[in-house]
Amino acid sequence: NAGVTQTPKFRILKIGQSMTLQCTQDMNHNYMYWYRQDPGMGLKLIYYSVGAGITDKGEVPNGYNVSRSTTEDFPLRLELAAPSQTSVYFCASSPGGGNTIYFGEGSWLTVV
Amino acid sequence: GESVGLHLPTLSVQEGDNSIINCAYSNSASDYFIWYKQESGKGPQFIIDIRSNMDKRQGQRVTVLLNKTVKHLSLQIAATQPGDSAVYFCAEKDAGGTSYGKLTFGQGTILTVHP
Chain A
1024 NAGVTQTPKF
1034 RILKIGQSMT
1044 LQCTQDMNHN
1054 YMYWYRQDPG
1064 MGLKLIYYSV
1074 GAGITDKGEV
1084 PNGYNVSRST
1094 TEDFPLRLEL
1104 AAPSQTSVYF
1114 CASSPGGGNT
1124 IYFGEGSWLT
1134 VV
Chain B
-15 GESVGLHLPT
-5 LSVQEGDNSI
5 INCAYSNSAS
15 DYFIWYKQES
25 GKGPQFIIDI
35 RSNMDKRQGQ
45 RVTVLLNKTV
55 KHLSLQIAAT
65 QPGDSAVYFC
75 AEKDAGGTSY
85 GKLTFGQGTI
95 LTVHP
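Just so you know, the sequences run in chain order A and B. Each residue of the first sequence is one higher than the last, beginning at 1024 in our numbering. Each residue of the second sequence is one higher than the last, beginning at -15 in our numbering.
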């Protein structure tokens, strides 16, 4: 079972560079989320989507963009990388707005 | 905004002991409280949840207790095993029709189980 798959797993960016974190799920879930986790901290919601074509901001959306053209994919875009965006990023999905959210294994991003 | 926090950042126990991980929350309007386990290098994994109108819920080797009077949540793990070593997060789910399953996570407690 693939579940939620994120790529890349590790990436180093220079300040000002752009990149896209890819996320795909094969569970036909409507709801998808992007969280970031800073060292020793809990997860903070960046963006979420309740279905294809629908996205909304979470708690910490500044510096990020998302799109949801299909049910399966929910990429996260960093346009101008800043050191403050050094973090671990988790994509997640759920079948509805319930409590069982399935997380990917994370993408470690360092901005230098 | 509302926050969910943990009393103890680290907990060390011996294999076979029972573990209790605590969490304080501040949003009385939260609909659900959830516990997640995160192993090193992996994403969080759902353990158990409890609705705000309940005070206790049991799963396999785990029990969650909710005390709304003092806004306190705990996770009890029976007969703790080395495989239980991980970071445990409590989270609360936004109440209301537009919550879309958004969770607010606490800081996390590191549980270390010694053989």
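For each residue, glycine too, the CB sits at the ideal point set by N, CA and C. Predicted, not measured: the structure shown is a model, and the values here were computed from it.
Exposed or buried, Pro28(B), counting other C-beta atoms within 10 Å across all chains shown (16 or more means buried)?
In the second sequence, the residue the question calls residue 28(B) occupies position 44. Buried, since its Cβ has 16 or more Cβ neighbours within 10 Å.
Using a Cβ-Cβ cutoff of 8 Å, what residues of the region 1090 to 1124 of chain A are near chain B? List them in chain order.
So the close ones are Phe1113, Ala1115, Ser1117, Gly1119, Gly1120, Gly1121, Asn1122, Thr1123 and Ile1124.
Roughly how many whole angstroms lie between the Cα atoms of Gly0(B) and Gln65(B)?
Here residue 0(B) is taken as the residue at index 16 of the second sequence, counted from 1. Here residue 65(B) is taken as the residue at index 81 of the second sequence, counted from 1. Gly0(B) and Gln65(B): Cα-Cα distance of roughly 6 Å.
Other residues of its chain near Ala1075(A): CB distance less than 8 Å, five sequence neighbours each side excluded:
Along the first sequence, one-based indexing puts residue 1075(A) at 52. For Ala1075(A), where only same-chain residues beyond five positions count, the Cβ hits under 8 Å are Arg1091, Ser1092, Thr1093 and Thr1094.
Should Leu1044(A) be flagged as near chain B, meaning a C-beta pair shorter than 8 Å?
The count along the first sequence starts at 1 and reaches residue 1044(A) at position 21. No, because no Cβ of chain B sits closer than 8 Å to the Cβ of Leu1044(A).
Straight-line gap, Arg45(B) to Leu1036(A) (C-alpha atoms, nearest Å):
For the purposes of this step, residue 45(B) is taken as the residue at position 61 of the second sequence. For the purposes of this step, residue 1036(A) is taken as the residue at position 13 of the first sequence. If you take the alpha carbons of Arg45(B) and Leu1036(A), they lie about 43 Å apart.
Three or more beta-carbon pairs under 8 Å between the region 1 to 12 of chain B and the region 1106 to 1120 of chain A, yes or no?
no
Between the alpha carbons of Leu1044(A) and Pro1031(A), how many angstroms are there, rounded?
Residue numbering aside, residue 1044(A) sits at position 21 when the first sequence is read from its first letter. Residue numbering aside, residue 1031(A) sits at position 8 when the first sequence is read from its first letter. Taking the straight line from one Cα to the other gives about 7 Å.
Name, please, each residue of chain A whose Cβ falls closer than 7 Å to the Cβ of Asp33(B).
Here residue 33(B) refers to the residue found at position 49 when the second sequence is read from its first residue. For Asp33(B), the residues of chain A that pass the 7 Å Cβ criterion are Asn1122, in the order they occur in the chain.
Who are Ser1130(A)'s beta bridge partners in DSSP?
Within the first sequence, the letter at position 107 stands for residue 1130(A). According to DSSP, which records beta bridges pairwise, Ser1130(A) is partnered with Tyr1112(A).
Would DSSP call Ser1107(A) helix, strand or coil?
In the first sequence, residue 1107(A) corresponds to position 84, counting from 1. Looking at Ser1107(A) - three-state DSSP - the assignment turns out to be helix.
Nearest-angstrom Cα separation, counted from Leu1066(A) out to Gln1060(A)
Locating residue 1060(A) in the first sequence gives position 37, counting from the first residue. Locating residue 1066(A) in the first sequence gives position 43, counting from the first residue. When rounded, the distance between both Cα atoms is 5 Å.
DSSP three-state label for Gly1076(A), please.
What you label residue 1076(A) is simply residue 53 of the first sequence in a count that begins at 1. Here Gly1076(A) sits in coil by DSSP.
Beta bridge counterpart(s) of Thr47(B) as assigned by DSSP:
In the second sequence, counting from the first residue as 1, residue 47(B) sits at position 63. For Thr47(B), which the question treats as bridged, DSSP gives the partners Gln42(B) and Gln60(B).
Using the Cα positions of Phe30(B) and Leu(-5)(B), report the straight-line distance between them to the nearest angstrom.
Along the second sequence, read from residue 1 onward, the residue named residue 30(B) stands at position 46. Along the second sequence, read from residue 1 onward, the residue named residue -5(B) stands at position 11. Their Cα atoms are separated by approximately 20 Å.
Could you work out which residue in Met1055(A), Gly1063(A) and Gly1119(A) is closest to Val1089(A) when comparing CA atoms only?
Numbered from its first residue, the first sequence carries residue 1089(A) at position 66. Answer by Cα proximity: Met1055(A).
Does any residue of chain B have a CB that is nearer than 8 Å to the CB of Tyr1070(A)?
Translated into the one-based positions of the first sequence, residue 1070(A) becomes position 47. Judged by the 8 Å Cβ criterion, Tyr1070(A) is not in contact with chain B.
Quick check: the Cα distance between Asp39(B) and Asn51(B), rounded to an integer number of angstroms?
Numbered from 1 along the second sequence, position 55 holds the residue referred to as residue 39(B). Numbered from 1 along the second sequence, position 67 holds the residue referred to as residue 51(B). Distance between the alpha carbons of Asp39(B) and Asn51(B) is about 6 Å.
Taking only beta-carbon atoms, is Gly1065(A) less than 8 Å away from chain B?
Here residue 1065(A) is taken as the residue at index 42 of the first sequence, counted from 1. It does: the Cβ of Gly1065(A) has a partner Cβ on chain B nearer than 8 Å.
How is the beta strand (DSSP E) around Met1140(A) delimited, first residue to last?
Coverage of chain A is limited to positions 1024 through 1135, which leaves residue 1140(A) absent and any answer about it impossible.
Looking at the C-beta of Tyr9(B), does it have a partner C-beta in chain A at a distance below 8 Å?
The sequence position of residue 9(B) within the second sequence is 25, counting from 1. Taking Cβ atoms only, chain A never reaches closer than 8 Å to Tyr9(B), which makes this a no.
Chain A within 8 Å of Gln44(B), Cβ atoms only:
Position 60 of the second sequence, counting from 1, holds the residue named residue 44(B). No, because no Cβ of chain A sits closer than 8 Å to the Cβ of Gln44(B).
Measuring alpha carbon to alpha carbon, tell me which of Ser12(B), Ala62(B), Val54(B) and Gln22(B) ends up nearest Phe1126(A).
Numbered from 1 along the first sequence, position 103 holds the residue referred to as residue 1126(A). Per the Cα distances, Gln22(B).
By DSSP, does Asp1096(A) sit in helix, in strand, or in coil?
Stepping through the first sequence from its first residue, residue 1096(A) is reached at position 73. If DSSP states are grouped into helix, strand and coil, Asp1096(A) belongs with the strands.
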